Structures are given as structure tokens and as C-alpha cells.
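To start, the structure itself, in C-alpha cells.
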Amino acid sequence: MMYRYSLRGRGDLTEWRDAARAFLAAGIVPDIIDWRTMDDADGLFGFDDNRLPPPHPEHPPLTVPSAFLKLAGAVICHSDPTRFALLYRMLFRLMHGRYLLQMASDPDVVAAQRMARSVGRDYHKMTAFVRFKELPLAGGGAGRRRFVSWFEPDHFIVARVAPFFQRRFTDMDWLIATPKGSASWDGETLRTTDEPAEKPDLRDETDDLWRTYYASIFNPARLKVKMMTREMPKKYWKNLPEAELIPGLIANAEASVIDMAGKAASDPLPYHHRIREAAARAPAPPEPSPGTLASLKEEARVCTRCDIHCLATQTVFGEGPPDAKVMFVGEQPGDQEDLAGKPFVGPAGKLFNDTLAEAGIDRRSLYITNAVKHFKYQLRGKRRIHQKPNMGEIRQCRWWLIRELELVKPKVIVAMGATALFALTDMRQKLDDVRSEPIPMEDGRTLFVTVHPSYLLRIPDEKRKAEELVRFREDMSQISRLAA
Ligand code: URA
Numbered sequence: 001m002m003y004r005y006s007l008r009g010r011g012d013l014t015e016w017r018d019a020a021r022a023f024l025a026a027g028i029v030p031d032i033i034d035w036r037t038m039d040d041a042d043g044l045f046g047f048d049d050n051r052l053p054p055p056h057p058e059h060p061p062l063t064v065p066s067a068f069l070k071l072a073g074a075v076i077c078h079s080d081p082t083r084f085a086l087l088y089r090m091l092f093r094l095m096h097g098r099y100l101l102q103m104a105s106d107p108d109v110v111a112a113q114r115m116a117r118s119v120g121r122d123y124h125k126m127t128a129f130v131r132f133k134e135l136p137l138a139g140g141g142a143g144r145r146r147f148v149s150w151f152e153p154d155h156f157i158v159a160r161v162a163p164f165f166q167r168r169f170t171d172m173d174w175l176i177a178t179p180k181g182s183a184s185w186d187g188e189t190l191r192t193t194d195e196p197a198e199k200p201d202l203r204d205e206t207d208d209l210w211r212t213y214y215a216s217i218f219n220p221a222r223l224k225v226k227m228m229t230r231e232m233p234k235k236y237w238k239n240l241p242e243a244e245l246i247p248g249l250i251a252n253a254e255a256s257v258i259d260m261a262g263k264a265a266s267d268p269l270p271y272h273h274r275i276r277e278a279a280a281r282a283p284a285p286p287e288p289s290p291g292t293l294a295s296l297k298e299e300a301r302v303c304t305r306c307d308i309h310c311l312a313t314q315t316v317f318g319e320g321p322p323d324a325k326v327m328f329v330g331e332q333p334g335d336q337e338d339l340a341g342k343p344f345v346g347p348a349g350k351l352f353n354d355t356l357a358e359a360g361i362d363r364r365s366l367y368i369t370n371a372v373k374h375f376k377y378q379l380r381g382k383r384r385i386h387q388k389p390n391m392g393e394i395r396q397c398r399w400w401l402i403r404e405l406e407l408v409k410p411k412v413i414v415a416m417g418a419t420a421l422f423a424l425t426d427m428r429q430k431l432d433d434v435r436s437e438p439i440p441m442e443d444g445r446t447l448f449v450t451v452h453p454s455y456l457l458r459i460p461d462e463k464r465k466a467e468e469l470v471r472f473r474e475d476m477s478q479i480s481r482l483a484a
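Residues in the sequence shown are numbered from 1 upward in steps of one, following UniProt numbering.
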């Protein structure tokens, strides 16, 4: 006897799981189930025909490894119609061999991981290439602003990505329409549907804004056409207003690079090149799950949002537990951080570590990051002299800091120095006016402002330096109490 099962949702794990559990409990082998979706349910066969078998009395209860459920959550969003059967086959095999997922060359495992990676890439593309257009407010009056966008994903990822947009654009009403379902947010409820949407006409003057922005961030020295089309595949171009500029920008790139080279002071140091080349040769790390700190770090690796990346060896991303209660924000990596790829490992880092230890704080419990993720410097002879990032660079880099805050959700955020304070609040305040006082923030978190450890290292007068070190230590003790 053959079973046929038709699923309503196209990327809905719960619906598939409930049916799969029933088949499994009845001991139904994979080969005799024909899995379908509402798209391919024909007239002869529809949802009403979905019959699930009764459980088999001798069937043992199954516990499914969480790694499988995680993988299945991604695979189920793939557009390949064989995904339901593949997952059921894997589930069935897991009953007889718990180590299936560890068999990296198993054809089912390979196929599932390939699908999960493709879904992950599609997720990233959607977070990067959705462009919202503002709609006029009904009746022309005041109210929440409303935005709409059109996107064409490869897979059924809308419901999976929707929480990302909810977090990111929580203060506006929005609708993302796609041929593979839509999502909307009205400030209270996040709704998703599998119904395919029609492409709305979204051309208006907002396109000009995107084009101006894109032309201003385009950096000809970093131009790699192959890489660019991989990161921003041509199929997305038609929905991106800025894409019209790309052919012209590419055509002018060579002249712009020559012009930029003429303005550059001098070449970076030889060891800097060696590290860069070694980094380029290193194999790409495994693709991390989307929406995690690991995937954000991976995205930031190739950040070109401002020009500092041209000088720096690598992006120095934040580090620490993804659920840390306290997040420390510094200014930007220094010379040693730039080479090591880790924040606060140079002289300022040493002072910072020592002070944390004196205050009884375990550095490993903290999330430590910087307002700016690349090292900005000026070459003097062979030395790379630290240069302060400007406000434009801090604002560009804030994009990453906000994502880090959204993911880590720290209870206490510590701004070390004026750059961090500006990055976190957009305020240019004298540090002394706000220092050492817990500042409640709108989102329920606490901001705590202290000085930057490099400032302490630069104090020439020993007595003053000792006093300042005591104050810094007291700040750390207060932070420790706030976190508790
Ligand atoms: N100074 C900073 O602000 N951050 C670092 O990571 C190192 C020095």
C-alpha cells in the first residue's frame, strides 16, 4: 500500500514533523510515502486524502537528536520537492543508527547539508537585499510609518527570516511580499503566509536615495567583479535600485583606483601583506547557522562599509559568550589586535585584563567588542600610528555593533571612552559628565560609561595615573555589581 501526504505549509517544520512522527510510530518505511505540497496536490489528491496510519503497538518511542531537528528546520525551507522524503528517510534511518549525522559522506547527509547551506545563503541574501519603500499614511495624517518591499528568494525562507526583520525594523509597519509567501509586522503581530504574492510597482524617488548611497560606499580598489556577482547575484539586481549603477561604476573603477593610489601616503608594511595573503589562502570556515554571532562575524570579515578596511589586515570582530550579561565596547583595534584578529590583546588589553582580574571579573564571561572593527592608522616610517576613527566611520560601523547588541542582548553595556559612547548613543558628551553612573536605557538595559584603558596608559604623571587606575578599578567593581 502507498501513502500520500500533502503539506499545506511549504517550509513548516511542525506540520511535516507531526505527519512524520505518525508514520514513524506506525513503522511505515520511507519508500511507500509520497510527500507533496499544496502546489503539486492535483485534483485527484488533496488535503482531504491525508490519512495517517494508526500507531504500531510494538513501536519503540523515538527521541530525535536536536542536531537533526536543527538541520531539518533549514532543509524544510528548501524549494526541492524531495526534501520531505529526504528528511523522513533520515529520520527513519536515525531510529536504527544514531550516528547517521556523524557520517559526513553519507549521501542523505550530504544532500541535507547542501540544502541547509543553500537555505542559509538565501537567508543572508534576503537580509541584505530587501529594500523597503515608504507608503503614504492613510488619510495623510500622523501614525506609524508604513513600508513595503518585494523580494524573490530561491527557497521558502520568509517565515524563517521574518523575526530578523521584526527585530531590525520594530518601530515601523512593514510588508515583505515574495512569490514564495509574505511577512508583515504592525508593531504587535508578526504574520506570515505561504501564499505567493504578485509583484507590486515600487519605483519611486526612494530609488534615487539608494543609488546615491550605493555610489558613495562603492570602493573601486576592492572591486572583484566575480566576487561581487557572487555576493550580489545578478538575479537580485532587478529589484535593487542601485544595481543600475553597477556597470558604470565597474567601467570607471580602474581610473578611480589609479586616482586613489595617487592620494595614498605609502604602502602598508611587508608583514601586513604576508598576514593578508595567509588569511586569503586559509580555507573558508564551515558556513555558520544564519542569525548567529558566528554568521555575523563571517559577514563582517569582508566588510567594506568604510575605507578603513583598505589599510587594516583583517576585521577584528567582538568575542565572548553569545549570551553574556555584560558587553564592553572599546574604540577600535590597535596594532596588535589587527594582527591577532582579537580585541584587546595589546597593551591596553593587558591593563584591561589586569583591572578585570582585580575586580574579580572573569574576562571569559564578557562580550568584548569595539565601536569600529578595523584598525585605522597612519604609517610613520615602519610604525603604524593609531588614528581616531571619524564620526562617519563610527556611524558606518555602528551597523555591526547594533547587530551584536541585538544578538547578545547584554544586561549591562559598558562604553569605554568617547568613541564607544558616541557609537552607542550618538551623543558627544564629556566623559566626566556621564562617567561611573549607571544610565537606564529605553530598552531596559543599563549603560555604564568609563574611560578607555589607553587613556590611562598615556597619563604621564605617575601620581595622577595611580589615582585614575583606582577609579577605573572602582568602575569595574560597580559593573560587576550591576551585572549581578
Ligand atoms: N583599543 C581598543 O579600543 N580596542 C582594542 O581592541 C584594543 C585597543
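C-beta atoms are modelled at their ideal positions from N, C-alpha and C, and glycine is treated no differently. None of the values given here were measured: they were computed from a predicted structure.
heavy atom of the ligand URA below 6 Å from residue i C-beta
i    : result
P153 : no
G330 : yes
E393 : no
F375 : no
E442 : no
N390 : no
G318 : no
P347 : no
G334 : yes
N370 : yes
F344 : yes
Euclidean distance between Cα positions of residue i and residue j
i           : j    : result
T315        : Q396 : 14 Å
residue 527 : W399 : Residue 527 is absent from the model: the chain starts at 1 and stops at 484.
T189        : C310 : 43 Å
H96         : E58  : 15 Å
A25         : E15  : 16 Å
S289        : G11  : 17 Å
G330        : D461 : 24 Å
T446        : F328 : 12 Å
Q166        : G318 : 24 Å
W35         : H78  : 14 Å
K325        : K409 : 8 Å
S436        : I361 : 17 Å
L421        : E442 : 16 Å
D475        : I385 : 29 Å
R89         : G341 : 43 Å
Q102        : A22  : 26 Å
P65         : L91  : 10 Å
E337        : A19  : 52 Å
K350        : K465 : 16 Å
G43         : D426 : Residue confidence for G43 is low, a pLDDT of 45 falling below 50, so the modelled location carries little weight; the figure read from the coordinates is stated next. Each residue's Cα considered, the two are about 60 Å apart.
A300        : R403 : 11 Å
L87         : V75  : 8 Å
F151        : R191 : 17 Å
E468        : L457 : 10 Å
R17         : W185 : 27 Å
L296        : D106 : 29 Å
A264        : C306 : Per-residue confidence for A264 stands at a pLDDT of 41, beneath the threshold of 50, marking its modelled position as unreliable; the derived number appears in the next sentence. So the alpha carbons of these two residues sit roughly 15 Å apart.
S266        : R383 : Because S266 carries a pLDDT of 41, less than 50, the predicted location of this residue cannot be relied on, and no value is offered for it.
Proximity winner among the options, relative to residue i (alpha-carbon distances)
i    : options                : result
L135 : H309, I76, P200, K463  : P200
G392 : H78, P153, D433, A423  : A423
L401 : P30, S79, T419         : T419
A112 : G73, E198, P196, F352  : G73
N390 : A197, W185, Q332       : Q332
K373 : K388, W174, R383       : K388
Y377 : I308, L431, E442       : I308
F448 : L456, I439, S454       : I439
G9   : T63, N353, D194, D108  : D194
R145 : V158, T170, T355       : T170
R481 : K411, D186, E467       : K411
A67  : A116, A357, R168, A359 : A116
A359 : V148, R473, P179, L71  : R473
R417 : G444, T450, Q429       : Checking the sequence, you will find Gly at residue 417 rather than Arg. For the residues G444, T450, Q429, the minimum Cα distance to G417 belongs to T450.
P196 : R160, V161, F156, D173 : F156
R98  : K125, G320, L62        : L62
Opposing strand residues paired with residue i [DSSP bridges]
i    : result
Y377 : H386
S149 : I176
E319 : I368
P440 : T446
M416 : T450
Y123 : Y123 pairs with nothing; no bridge assigned.
K133 : V148
Y5   : W35
V326 : V412
Near the ligand GDP: residue i beta-carbon under 6 Å from a heavy atom
i    : result
E337 : With respect to the ligand GDP, the structure shown offers nothing to examine, as its ligands consist of the ligand URA.
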